[in-house]
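**Student:**
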Amino acid sequence: MARNGTLRLTAFAAVLSGLATGGPAQAQQRTGIGEEAYSNFFENAPEGFIPPPLHPEGVRLRTEELGEGVYALFSDHPGVDNSGFIVGERGVLVIDAHINGEMARQIQSAVSAVTDRPILYLVNTNYHGDHTFGNSSFPAETKIIAHRATAERMRRFEHEREFLLPTVNGDTSVYADATLRLPDITFEESLRIDLGGRVVEVWHFGRGNTPGDTVVYAPDAKAAWTGNLVVGEESIAVVFEGRTSEYLATIARLAGTLDIRTIVPGHGFKTTGATLGRYMAYLSSLLNDVRRAFDAGWTEEETVAALSLEERWLPAADSQLAALRPFFVGLHRLNVQQTYLDLAGR
Ligand SMILES: [Zn+2]
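Sequential numbering of the sequence shown, starting at 99, is according to this note's numbering.
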C-alpha cells in the first residue's frame, strides 16, 4: 500500500558514521525526558542508541511548492529539521522556528523569496529546542502558536539547552543566540487560522513523541506537517517519552481525522499518508512484543537485548538509506526500553 518515493541520502549518513554508537549502557536512574532526570536522558538510553544528528552547520533549506501558496522547506541534511510555510491574502503562517537565529532567518528568507506579506503566525510543533530556539529571531509582530503542554515545557529552557547538546556534538555555540520566547496563543485540541482566502488547521491528537505534539494541515493541498510525531519515509516512531499506547492512539486519530496526501515530517524525507499505517503497525507490534516479555517476567535488559528490530522495519540493505540501519536499530532499543518502563510503572 505504501508508495515509496525516491529516497536520497546525503549528509545524514556521513554524520551518523561520525557518531559514537555506544554510551554508558545502564544507569541507576531511569526515566523519560518528561520527568526529573530530563538532562540524563542520553546517558540512560540503551547501548547502541545514537542521538539524532541535528547540527545545522552548512544546512540549506530547499523550498518545494506542494500546492498553491503551500511550501515545504526540506533540510538537505535529512536528520536536521524541516520546516515550511503557507501563504494567504493577509499574510503567512510558518511551521517550526528551527534551532537558532541563522536557521530562523533562512526560513524568513525563503518566505520573502515568494511573498512580501508579513509572517502573521509561527506554529511550534513541539517544545524541543530544534523546533523552538529560532522563535526569538522572528519579528515581534509574529504571533507564536503552540499546544498548552508545549508552552509549559518550553519554560524549561536551560534544561532543553543541555538536553540537546549530544545532538549537536556538544557544540554550545549552535544556539548561543537563542533566548526564551514563549507562545502568544495556546490551544488544547484544534485551531482554525484564517490567513485570508485560506484556512489552516492546527491539531493536537494526543501525546506521541512529546506531550503537546501538533500537526499543521493545509486542507486544499492535503499537506500535513507532523513535527516529531512522524519523522519521514521509511522511519519508525521515536518513543522518547514512553506512553507507547497513547502514541498509537494519537496516530490512529490523526489518520482517522485528516485526509493526507503529503507529509512534511519534522525530520527526514517527505512521505505520504500511507506512512501512518506503517507507524500504527510498528507501534502495535512494539507494544505486543514488550508486553509479552514483561508478562513473562523478563527484565528490562533482557527485553531490550531480545527484541531486536525486525528486518521489515529497516531500510533494505541495498537501498540508499542502508547507512541509517544502525540509527534505527539503536532507536528501536530505546523504544523497547521506554515501552518496558511504562509497563513497569517507571
Ligand atoms: Zn524534532
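Just so it is clear, CB atoms sit at the ideal spot from N, CA and C, and this is done for glycine as well.
Suppose only complete runs of 3+ residues qualify. What are the beta strand (DSSP E) ranges in the segment 172-252, listed by chain order?
**Tutor:** 181-185, 190-193, 217-221 and 241-245
**Student:** Terminal residues of the continuous beta strand (DSSP E) containing L278?
**Tutor:** Careful: L278 lies outside any beta strand (DSSP E) and carries neither H nor E.
**Student:** For ligand 1, I want to know if N326 counts as a neighbour, meaning its beta carbon is within less than 7 Å of at least one of the ligand's heavy atoms.
**Tutor:** yes
**Student:** Run the proximity test for D269: is its beta-carbon closer than 7 Å to any non-hydrogen atom belonging to ligand 1?
**Tutor:** no
**Student:** In the DSSP assignment, what are the bridge partners of D292?
**Tutor:** V297
**Student:** Scan the segment 307-381 and note each continuous alpha helix (DSSP H) run of 4 residues or more that stays entirely inside, going in chain order.
**Tutor:** 342-355
**Student:** CA-CA distance, V272 and G227?
**Tutor:** 11 Å
**Student:** Taking P317 as the reference, which of I184, L280, V266 and E339 has the closest Cα?
**Tutor:** I184
**Student:** How should S207 be labelled, buried or exposed, when 16 other C-beta atoms within 10 angstroms of its C-beta is the threshold for buried?
**Tutor:** exposed
**Student:** Would you say the beta carbon of G165 comes nearer than 7 Å to a heavy atom of ligand 1?
**Tutor:** no
**Student:** For I299, which option in V434, A321, R305 and P150 has the closest C-alpha, if you only look at C-alpha atoms?
**Tutor:** Per the sequence shown, residue 299 should be read as Glu rather than Ile. Ranking V434, A321, R305 and P150 by Cα distance to E299 puts A321 first.
**Student:** Going by other Cβ atoms of all chains shown within 10 Å of its Cβ, with 16 needed for buried, is V434 buried or exposed?
**Tutor:** buried
**Student:** When DSSP labels each residue in this structure, what does Y140 get in the three-state scheme?
**Tutor:** Correcting the residue identity first, residue 140 is Phe in this sequence and not Tyr. Reduced to three states, the DSSP call for F140 is helix.
**Student:** When the Cβ atoms of the segment 373-383 are set against those of the segment 340-350, are three or more pairs found closer than 8 Å?
**Tutor:** They touch, by the three-pair rule.
**Student:** Spatial neighbours of Y377 within its chain, please: C-beta separation below 7 Å, excluding the five flanking residues on both sides.
**Tutor:** Closer than 7 Å at the Cβ level, and outside the excluded window around Y377, lie V328, A335 and I349.
**Student:** For A112, count neighbouring C-beta atoms within 10 Å of its own C-beta (all shown protein chains included) and say buried if the count is 16 or more, exposed if not.
**Tutor:** Note that A112 scores a pLDDT of 28, beneath 50, so its modelled location is shaky; the value from the coordinates is reported in the next line. A112 should be labelled exposed.
**Student:** Given a cut-off of 8 Å, decide if L352 and L374 are closer than it, judged by their beta-carbon atoms.
**Tutor:** yes
**Student:** Do you know whose CA, among D179, E250, G182 and H257, lies nearest I283's CA?
**Tutor:** Looking only at D179, E250, G182 and H257, the smallest Cα-Cα distance to I283 is reached by E250.
**Student:** Indicate the three-state DSSP secondary structure (helix, strand or coil) for T397 in the structure shown.
**Tutor:** coil
**Student:** Do W301 and T223 have their C-beta atoms within less than 8 Å of each other?
**Tutor:** no
**Student:** Inspect the CB distances between the segment 306-316 and the segment 140-153 and report whether three or more fall short of 8 Å.
**Tutor:** no
**Student:** V212 and Y169 - do their beta-carbons sit closer together than 8 Å?
**Tutor:** yes
**Student:** Please identify the residue among G268, R253 and F303 whose C-alpha is closest to the C-alpha of T277.
**Tutor:** R253
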